[in-house]
Each structure stands twice: as structure tokens, then as C-alpha cells.
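Sequence order for the protein chains is A and B. Quick note on numbering: the first sequence equals residues 8 to 122 in the numbering used here. Quick note on numbering: the second sequence equals residues 628 to 741 in the numbering used here. We put the CB at the ideal spot given by N, CA and C, even for glycine.
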Amino acid sequence: EDQVTQSPEALRLQEGESSSLNCSYTVSGLRGLFWYRQDPGKGPEFLFTLYSAGEEKEKERLKATLTKKESFLHITAPKPEDSATYLCAVQGGDPSGGGADGLTFGKGTHLIIQP
Amino acid sequence: DAMVIQNPRYQVTQFGKPVTLSCSQTLNHNVMYWYQQKSSQAPKLLFHYYDKDFNNEADTPDNFQSRRPNTSFCFLDIRSPGLGDAAMYLCATSRVRQGGTEAFFGQGTRLTVV
């Protein structure tokens with residue numbers, strides 16, 4: 008059974024104070040690891056897909072990295088508008104295979120950026 | 628813009644009264660998913676349709692059912708809602724391909740059971 012654990016559960020930062028969010032995962036095989044942003048009362052918004060260890064993706068102040076056991080979401084010089092819950096999810100199975108299997112999510116990290 | 632649309636955004640239903648939530652997509656994706664998310668919890672997959680094929684998760688209660696009349700629409704039916712079914716219900720879509728496939732979510736329907 009695929010499992011995802013995110014830490015910390017909550018993080019409060021000052022504007023401009025860089026930090027990292029952690030996602031540890033257990034899968035039999037990794038087809039993809041995904042990061043989403045979720046604002047209160049809304050659906051998750053897709054950010055990144057990572058497929059294999061060593062891969063990195065960047066978007067504005069966010070950078071996602073992947074190892075064989077965990078992923079990090081680095082936030083550089085965050086702004087108040089970066090405040091949200093960040094969800095990590097995995098899709099397990101044969102990395103070279105396809106299929107419609109759903110994602111297994113972690114509980115998320117609730118990030119607050121104070122001005 | 629291509630998107631996933633859920634209606635209504637907020638639904639209040641009575642204990643035991645059947646309720647239907649709807650989802651439509653303009654992405655032309657072949658998979659549609661329904662997730663349940665309770666407060667401060669991870670989204671939990673209920674079931675999905677791959678084209679016309681229905682796939683139920685093993686631990687999804689029989690009280691929850693789904694219909695997909697065509698590629699664009701999918702419905703979540705809760706036959707007899709209980710207080711424990713109050714949650715955010717999220718519809719998502721994806722296009723099956725080799726390797727990992729990201730899902731795109733709608734804005735969700737917040738269900739309240741009174």
C-alpha cells in the first residue's frame with residue numbers, strides 16, 4: 008500500500024524567510040510524485056510532477072526535488088500570497104507502465120507567510 | 628480555458644436524503660475521479676471511471692455510487708447521507724499515458740448533512 012507522510016504539519020514564516028517542506032513516501036514502484044497547492048475551501052491546484060530520483064522542477068519561488076525516499080518543496084523568499092496548504096501525492100506502480108490509478112495524498116503542510 | 632467544473636459549490640442535505648453532486652470537464656480527459664476530503668485530512672480516492680469502465684476502491688462504502696453518462700460529465704450519488712459524510716468532495720480528471728499522470732481538480736463541493 009502506498010503511503011505519504013508530510014512534515015511539518017504547519018509552518019509559519021516571515022516574508023522573505025526561505026524554508027523547505029518534506030514529503031516522505033513508500034511505494035512499490037513510483038510512476039510519479041506530485042505537488043499541489045490548496046487554498047481554503049478550494050480544490051488542489053497542480054504545481055509539479057517528478058518522475059525519478061535526482062529530478063528537479065522550478066516555478067517562481069518554488070523548487071521541488073526528489074530522492075528515492077522523499078521529496079522536498081523549497082520556498083525561496085516567500086510572499087504572503089504563498090500562504091496555502093501544500094499537498095504531496097504519489098502514483099505507484101510500474102514506472103514504465105500506464106493506467107488510471109488514482110493518487111495517494113499526504114495530509115499536507117499548512118504554510119503561513121506573515122508580512 | 629479548459630477546466631473541471633463542479634456544481635454546486637455548497638450543498639446542504641438532510642440526514643438520509645439522497646443527494647447528487649455533479650462534475651463536468653472540457654479537458655477531454657479519459658479518466659474522471661471522485662475524492663473525499665475531510666477537514667485537515669488527505670483527499671481520499673472513492674472511485675474512478677476510465678472511459679466507461681468503473682473502478683471502485685475497496686474501502687468505499689456502498690452508500691456512494693457514481694455515473695458517467697458521457698466523456699464530459701460524472702456524477703457522485705450518496706444514497707443515504709450520514710453525518711459522517713459531511714466533507715469536501717473533489718472531482719479530478721487525467722489523461723492516461725505511460726508513466727505518471729497528474730490529475731486536475733475542480734473547485735470542490737462542500738457537503739453539509741443536517
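Confirm, please, whether the CB-CB distance from residue j to residue i is below 8 Å.
i               : j               : result
T92 of chain A  : G61 of chain A  : no
V658 of chain B : Y677 of chain B : yes
V639 of chain B : C718 of chain B : no
R706 of chain B : N690 of chain B : yes
L28 of chain A  : F112 of chain A : no
Q663 of chain B : S649 of chain B : no
Q668 of chain B : T720 of chain B : no
T739 of chain B : F702 of chain B : no
E63 of chain A  : S31 of chain A  : no
I82 of chain A  : S35 of chain A  : no
R38 of chain A  : P102 of chain A : yes
G735 of chain B : G50 of chain A  : yes
G104 of chain A : Q725 of chain B : yes
L57 of chain A  : L40 of chain A  : yes
Q45 of chain A  : L94 of chain A  : yes
Bridge partners of residue i, per DSSP?
i               : result
F681 of chain B : B:Y676
E63 of chain A  : A:T72
M659 of chain B : B:Y676, B:T720
N634 of chain B : B:S649
A17 of chain A  : A:H117
Under a Cβ-count criterion, where at least 16 other Cβ atoms within 10 Å of its own Cβ denotes burial, should residue i be classed as buried or exposed?
i               : result
F55 of chain A  : buried
A84 of chain A  : exposed
I120 of chain A : buried
T728 of chain B : buried
A17 of chain A  : exposed
S97 of chain A  : Here residue 97 of chain A turns out to be Val, not Ser, going by the sequence shown. Flag for V97 of chain A reads buried.
P635 of chain B : exposed
F732 of chain B : buried
P670 of chain B : buried
Counting only the same chain and skipping the five closest in sequence on each side, list residues whose C-beta sits under 6 Å from that of residue i.
i               : result
Q10 of chain A  : T33
G711 of chain B : none
K665 of chain B : A714
R694 of chain B : F702
H117 of chain A : A17, T92
Excluding the five sequence neighbours on either side, which residues of its own chain have a C-beta within less than 7 Å of the C-beta of residue i, listed in chain order?
i               : result
K75 of chain A  : A60
E684 of chain B : L672, L673, F674
T698 of chain B : N655
Is residue i a contact residue of the ligand NAD, with contact defined as CB to any heavy atom under 7 Å?
i              : result
Q45 of chain A : Summarising the ligand content, the structure contains no ligands, and the ligand NAD is consequently not present.
Whose Cβ in chain D lies nearer than 8 Å to the Cβ of residue i?
i              : result
P15 of chain A : Reference to chain D is not applicable here, since the protein chains of this structure are A and B.
Q. Which residues, taken in chain order from the region 74-100 of chain A, show a beta carbon closer than 7 Å to some beta carbon of chain B?
A. Within the region 74-100 of chain A, those residues whose Cβ lies closer than 7 Å to any Cβ of chain B are, in chain order, Q98.
Q: Using a Cβ-Cβ cut-off of less than 8 Å, give me the residues of the region 44-65 of chain A that come near chain B, in sequence order.
A: Going along the region 44-65 of chain A in chain order, one finds G48, K49, G50, P51, E52, F53, T56, Y58 with a Cβ nearer than 8 Å to chain B.
**Q.** Against chain A: residues of the region 708-730 of chain B by CB proximity under 9 Å
**A.** Hits within the stretch, in order: M715, L717, C718, A719, S721, V723, R724, Q725, G726, G727, T728, E729, A730.
Q.
Can you pull out the residues from the region 20-41 of chain A whose beta carbon lies closer than 7 Å to at least one beta carbon of chain B?
A. The residues in question are R38, G39, F41.
(Q) If the cut-off is 9 Å on Cβ atoms, which residues from the region 639-670 of chain B count as contacting chain A, listed in chain order? (A) So the list reads N657, V658, Y660, Y662, Q664, S667, Q668, A669, P670, given in the order they occur along the chain.
**Q.** Positions along the region 689-704 of chain B whose CB lies within less than 9 Å of some CB in chain A
**A.** Within the region 689-704 of chain B, no residue has its Cβ closer than 9 Å to any Cβ of chain A.
Q.
Residues of the region 106-117 of chain A in Cβ contact with chain B at a cutoff of 9 Å, in chain order, please.
A. For the region 106-117 of chain A, which is checked against every Cβ of chain B, the residues closer than 9 Å are G106, A107, D108, G109, L110, T111, F112, G113, K114, G115, H117.
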